[in-house]
Each structure stands twice: as structure tokens, then as C-alpha cells.
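Okay, structure first, notes after.
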Amino acid sequence: MRQNKIIIEPNKSIKYFWQELWQYRDLFYFLAWRDVLVRYKQTVIGIAWSVLRPVLSMIVFTVIFGKLAKLPSGNIPYPILVFSAMLPWHFFSNTFTISSNALIANVNMVSKVYFPRIIIPTVSMVVSLVDFMISFVILIGLMVWYGFYPDWKIIVLPFLMFLAILTSLGAGYWIAALNVKYRDFRHIVPFVAQFGLYISPVGFSSDVIPEQWRLLYSINPMVGVIDGFRWALSGNNAPIYWEGFCLSVVLAFLLFIFGGIFFLKTERGFADVI
Amino acid sequence: MNSIISVENLSKKYIIGYQKQDKYNTFRDALMHNVRSVYQKIRHPLSFNKEKIEVEDFWALKNVSFEVNQGDRLGIIGHNGAGKSTLLKILSRITAPTTGRATINGRVSSLLEVGTGFHPELSGRENIFLNGAVLGMNRHEIRKKFDQIIDFAEVEKFIDTPIKRYSSGMFVRLAFSVAAHLDPDILIVDEVLSVGDVQFQRKCLGKMGDIAKEGRTILFVSHNMNAVEQLCTSAILLEAGEIKKLGNEVVSIIKDYVFVPDGTSYPNEWISNDENTYKNDYFRPLEFYLSDTEGKKLNMPVRNDAEMWVTIVGEVKKLDTALLIGYELYAEDGTLLYGSAFTDSHPDNWPEIKKGKTTLRSKIPKHFLNEGLYKLELNGGLMHKEWFFLPGMKNPAIFLEIKGGLSQSPYWVDKRLGLIAPILDWE
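Residue numbers (numbering that gives the first Met the number 0), protein chains in the order written: chain A, 0 to 273; chain B, 0 to 426.
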């Protein structure tokens, strides 16, 4: 089972990449387990946090965009419109934030132990996923409250989640790798998380974007993910803009693939510069 | 094939010093540097780029080649900065070599630090699993060894307590214990035994000995020459990134490391030839030698029935009440026999120190040391504040060789066993 002959050379071949990743699957598991455990160790605060944050932002967005700005929401109750977007968005921003800083937060592991480095930023999606599940329960409660039920399209949610994972990890890999050498990339992270919340269609429906700009708007892969979520969760009330969605999907894949390649290319120098 | 590790021409280059002033390498700096140099080129198209990046190559390892056989215990020794840790890091795949290659046949576990990945909020139990996974064990292995690990670490009672409440001793014991129960073909260990109390250190060394007895291969870096001598079957002496000596004569290699600063001879006097080597505000060493009672320099070897005076000549540049000057005496195997300074006795008996050129003398009594070679290293500093000569670095050093004159007893003809050979009174 173990790869028994190790050849150490200046340029590592990535021939064994998958094999190695498989060997270290337990490390992935335990690191994820550590993150989840630590996050919910002080149980009340831990879970309350992952409930409060999306709920409060949902209320604020509903009041500002729905009540004050009176933006259209189709036939969907505004809180559900916001919350169904809040879920993937929070998943993205959590994963992206943690994975970008993951290498720096684990300096000791990077400089003292060998393992496929890509495990570290990747693990961070697990905690966000747990948070996502908790928020999802709230969404269900909200839907029951408003008597608003999704139809069969809900089955595409796993695919949309997969898309959100690709986007957040792709971006996370880039920044994590750059962060090792240039520490000021960590200032970009909160900026993206903050700014992205307002330029992504979280507080409003993408329908408010003028028709001629919608394709351009979809360059942000999270637009595709969020629109997809609304489409999947709100019956026939949120039609999807397919051209934009396809563009988002393609870009999400590209972001992930190139982010991963960039990470693997720079990986070997991490211990020298961190 | 019985060579389990084979290293061929391994070299590692680090690039040090990026730009004149900055230490932090931020993207902003890199960006600004480019912007500024473009701007300068536009303003003064013919001038040289003033902010030229000063890149200096530093070879931490140079063409290192060696082979390790199955079951060997290889000690890697050398002064700080000789490349020991770099070598271990390359062999543990943490960092990549610049040139050369190494082939390893077997499963490697490296232990460059104990407790990597430990999380303070988690309990001892949880951390064992986590740390085990970090070190490359899978969960079945960890579960299988779990009881042994707790047993070895002696922390059963606290196994469900978060380790942030552990004492540092308990922390280290637990951390080492996880590492000690790895099941590798090759174990790479860096100076981790220097942690913990003496009793536990002994236990760790014992454990490493057990691992070795099972026929596993060990690569061991340490400054503790006793540990190297006890544990290792072969040794490599590194100096400035190159192998100076390697082989199975561990004791003789250790002797080289401890004893031969310039690689060839055992000088019996040291004379300063450069003002800046040991620069400080207080004391500049000028000469360091051994003399007889009349002050005449001694030639080696010396008989053990002669009194010897350690003589330190230096210039006191600034007086300070905390100033102390002395020497340390090492035996052949690197053991520090003792250290002494002019401030050892009651303050009334201290020699008077004045500004300017000063000569300090201290007697090594006759019939005190044994036959053999000893090293004396100059030591000095401000008590509790700073060292002029950091212990363990390349300090002014001289060698003392004693031969003959051990005792007038008819039974005592050869070198005595032990590091010293005093003649004590019996009634």
C-alpha cells in the first residue's frame, strides 16, 4: 500500500500526487475533525455563532433592500430570497477566508513535517460545510414559516454546492500560496469577502441587473452559484439566466484548476520562505 | 541491495538578502521596487539602477554524498549553521534540494519537532490522534498504539484534559511519546531530546535504542556528543555545508568535531589576529595560553605532576561590575568537565581588574586531570546580560595534552579510567 521508494530531486514529479493524497487521507480527516471540534468546543457560542451571523445579516438585508429600497423579489418572500443566497455566500466567504490564511496559521506543520500541502487549505471547507448545514436547517424553518416550498429542482443543490466549493477553494489556493511569500495578500481576503457580499446578488435578485450587463455580471462565479440556489429552491419563481450561469460554471472550474496548479507549482518552496 | 538511503551530490542554495534595507518581503515592496526602477530608468536612462537587488547565494549544503545501510544509526554532527538541519529537511521532503538527488527505500518518519499540530484546546486523547496523523500514522495504527503511548508518557490521569492545562513537562512527554511509537523503517530525529527533564531524556534515548535494536535505521542530529556516541554506529561531520568526515569511527569523528577548529592541529596557544572577531565594548582577548609557575609558555605534552597556569591576556576597554572572564575545559569526548571564571570565589579574593591591558592567571592543580587531550575554551561576558563568546561557537580555544606523571604509586602506570585522575588521601 505504501509507496516504498522515495526519490528526492530538485523537481518533484507530480506522478504520485493522487497516490500520496490517498495515503494522507487520515490526516485530512483528523485536521477537519480538529477544526470542527475546536470550533464547537465551547458549544453554545460555537453553534450560536453560525446561526446568528446569517440570520442577522438576513434581517438587515431584508430591511434595507426589501423594505427601504423596495427592490423586487418576484413572488418569493424577501427573507427567503436573501437567505437562500446568504447560505452559499457565507460558505464561500468562510472557506475562502480560512483557506487563504491556512498555511500561515499552520507554519509549524509546513516547516517541520512533510505531507501534501494542499490538504491544509482544502480542509477548511469542512468547517464551513458544517456551518452551512446548520444554516440550512434555519432555511427550512423559514420556508415552513412562510409556507413556501421548493419543487424537484432541489436535487441539483449538491451540484451547486460543489460549484461553490470549487470557487472558494480555487480562490483560496491562489491566495494561500501567494500569502506564504507576500504577506500582504492577507489584506485582500477581508476585502474580497466584504466587497463580494455587495457585488454578488445576495441582498437582491439578479433580475435587477440590466439585461445588457448580465453576462458581464456573471464573470463572478458566485453569481452563478447564488442564482442557481434561488432557482433550485424557489419553485418556478426565480428563472435562471442560462448564458450567465454557464459562464460562471466554466469560470469556477478554471479558477479551481489553475488555483490548484499554481499551488502545486509553488508548494515545494513553502518551507523555505514561510 | 542493502543501502537504504543513498544521497548523491546533494546541494541546497538559499538566497539571502533581497534588497538593501527591507527585511519583510511583501508584495507591495516587490511592486514598489519595480515601479521605482522603471521611474528611475525614465528619468536617468543611462544611470545604473541604484536600488539594485543585492542577492547573495548561500550554499547550506554542497555536494553531499553518502550511503546509509539498513540498521545503521547515523549521527550527524557539526557546528551551528553547518547544514545539519537542512540535510534532515531535505531527507524528510520538507524542502527541495537545489541539485543532486537522494533515494530512500522505505517508510520515513521525521521528528524535527515534538508536538507538531498539537492544539491547546483539545484533550490529550484527541491530540494523540491528531499528532499521529500529522506524523503519518493512520488511524488503525494510532488506535493500536494508543495505550502504549499514554503509558510511556505517564499522563493517564489527564488524558481527557485539554492540553492547555498541561505542564510543559507533560506536554513534552506526550508529544515525544506519540513520535516514539511511530513504526518507520527510517527514523529521522533532530535535536528533540534536549527537551524534558533528565530522567525523561534518558527514557527517550532508551526508546531510540530499542527502535534501533529492531533493525531500523536512525538518522540523528544532536549537540549532545554523549548521546551520539551511545546511540550511533556511524557519523558524519558537516562543516560549512560539506562533509568533513564520515565513517564508523564515531568516537574519532566526535573528537574531530570537538577538538579541531582548523582541521589539522591542536594549537596550544591562541593569539588574536583580528580586532573585529569578538567585538564588544568591554573586553578584547589578545592571548590565551598555558604557562608554568614562572609564566613561561608550556610545550605539550605536559606531565600531570606539574602545575599549569591558564593565562588570559586581554584589553579591558570598559569596566563593569558584571564583567567576568574565564574558561571552560572539555574532555576528549566533548564532555564539559568544568567552567571557571575569576569571579568564582569570595569577592575579596577576586583579582583587581583595571582598564587597559590585563593578564589573568588561574592554576590547574597538579594531579587533577587525567592523561589525554583537553580543550580549553575562552569564556566571557557580563553576568546575566550578554556573552562575548557564545558557548559552543568558535571561540578562542587551546589544547592541553597530558602525558605521564600520574602518580608515584607503583600500581598506577597507565591512564586511569574516567575523565579525571585525582590522587586522594586514604587512612
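Beta carbons: idealized from backbone N, C-alpha and C, even for Gly.
Which of the three DSSP states, helix, strand or coil, is assigned to residue i?
| i | result |
| --- | --- |
| I93 (chain B) | coil |
| F114 (chain A) | coil |
| P409 (chain B) | coil |
| D150 (chain B) | helix |
| R415 (chain B) | coil |
| K202 (chain B) | helix |
| T334 (chain B) | coil |
| K354 (chain B) | coil |
| F367 (chain B) | coil |
| V113 (chain B) | coil |
| R100 (chain B) | strand |
| E50 (chain B) | For E50 (chain B), the predicted model reports a pLDDT of 48, less than 50, meaning its position is unreliable; a value from the coordinates is still stated below. Here E50 (chain B) sits in coil by DSSP. |
| W469 (chain B) | Absent from the structure is residue 469 (chain B), since the part of chain B shown begins at 0 and ends at 426. |
| L186 (chain B) | strand |
| I6 (chain A) | strand |
| T160 (chain B) | coil |
| G202 (chain A) | coil |
| K362 (chain B) | strand |
| L30 (chain A) | helix |
| L70 (chain A) | coil |
| N33 (chain B) | helix |
Just to confirm my understanding: we take residue i, look at its own chain, exclude 5 residues before and 5 after, and list those with CB closer than 6 Å. What are they?
| i | result |
| --- | --- |
| W58 (chain B) | K12, G240 |
| G171 (chain A) | F95, S98, S99, P120 |
| S92 (chain A) | A192 |
| G262 (chain B) | Residue placement at G262 (chain B) is flagged as unreliable, the pLDDT there being 45, under the threshold of 50; the coordinate-derived value follows with that caveat. Excluding sequence neighbours, G262 (chain B) sits near nothing in its chain. |
What are the partner residues of residue i, as DSSP defines its beta bridges?
| i | result |
| --- | --- |
| S290 (chain B) | B:K296, B:W308 |
| P284 (chain B) | B:G313 |
| F398 (chain B) | B:K374 |
| A340 (chain B) | B:G325 |
| S122 (chain B) | B:P161 |
| L381 (chain B) | B:L322, B:E385 |
| S108 (chain B) | B:L186 |
So which of the options has the shortest CA-CA distance to residue i?
| i | options | result |
| --- | --- | --- |
| M221 (chain A) | A:V249, A:F184, A:Y23 | A:V249 |
| R116 (chain A) | A:D34, A:V136, A:L254, A:F27 | A:F27 |
| I97 (chain A) | A:A175, A:V112, A:A237 | A:A175 |
| N303 (chain B) | B:I270, B:H345, B:N130, B:H366 | B:H366 |
| A305 (chain B) | B:L405, B:N68, B:N8 | B:L405 |
| N79 (chain B) | B:L322, B:Y256, B:S176 | B:Y256 |
| V106 (chain A) | A:I225, A:V81, A:V179 | A:V179 |
| I75 (chain B) | B:I4, B:I235, B:I15 | B:I235 |
| W230 (chain A) | A:A84, A:V35, A:I58, A:E8 | A:A84 |
| V50 (chain A) | A:V109, A:F29, A:W212, A:L138 | A:L138 |
| L162 (chain A) | A:I75, A:R185, A:P76, A:N219 | A:N219 |
| R106 (chain B) | B:G116, B:E228, B:W349, B:I217 | B:I217 |
| A178 (chain B) | B:R92, B:E140, B:E155, B:G246 | B:E140 |
| L73 (chain B) | B:I253, B:E228, B:T232 | B:T232 |
| Y240 (chain A) | A:S233, A:W21, A:S205 | A:S205 |
| L323 (chain B) | B:R283, B:K295, B:L297, B:G294 | B:R283 |
| K278 (chain B) | B:D71, B:L173, B:V315 | B:V315 |
| L372 (chain B) | B:K353, B:D332, B:T342 | B:D332 |
| A132 (chain B) | A:F252, A:K4, A:F269, A:Q22 | A:Q22 |
Could you tell me the boundaries of the beta strand (DSSP E) in which residue i lies?
| i | result |
| --- | --- |
| V301 (chain B) | Segment: none, V301 (chain B) is in no beta strand (DSSP E) and carries neither H nor E. |
| W58 (chain B) | 55-68 |
| S176 (chain B) | Premise fails: S176 (chain B) lies in the alpha helix (DSSP H), 167-179, not in any beta strand (DSSP E). |
| K11 (chain B) | 2-15 |
| S233 (chain B) | 233-238 |
| L134 (chain B) | Careful: L134 (chain B) lies outside any beta strand (DSSP E) and carries neither H nor E. |
| V220 (chain B) | 216-220 |
| E241 (chain B) | 241-246 |
| G74 (chain B) | 72-77 |
At a cut-off of 6 Å, would you count residue i as near the ligand HEM, judging by its Cβ distance to the nearest heavy atom?
| i | result |
| --- | --- |
| L253 (chain A) | Here there are no bound small molecules, and the ligand HEM is not part of this structure. |
For residue i, which residues from the same chain have a beta carbon less than 8 Å from its beta carbon, with the 5 sequence-adjacent residues on both sides left out?
| i | result |
| --- | --- |
| N235 (chain A) | D150 |
| L335 (chain B) | E327, L328, Y329 |
| T94 (chain B) | K11, T85, K88 |
Terminal residues of the continuous alpha helix (DSSP H) containing residue i?
| i | result |
| --- | --- |
| W21 (chain A) | 16-22 |
| F282 (chain A) | As displayed, chain A neither begins before 0 nor continues past 273, which places residue 282 (chain A) out of reach and without an answer. |
| E268 (chain B) | From DSSP, E268 (chain B) is part of no alpha helix (DSSP H) but of the beta strand (DSSP E) over 268-270. |
| T276 (chain B) | Note, T276 (chain B): premise wrong, no alpha helix (DSSP H); not H, not E. |
| H89 (chain A) | 77-104 |
| A226 (chain B) | 224-230 |
| Y216 (chain A) | 213-216 |
Beta-carbon within less than 7 Å of residue i's beta-carbon, same chain only, minus the 5 sequence neighbours each way: which residues are those?
| i | result |
| --- | --- |
| K152 (chain A) | W230, A231 |
| F170 (chain B) | G114, I162 |
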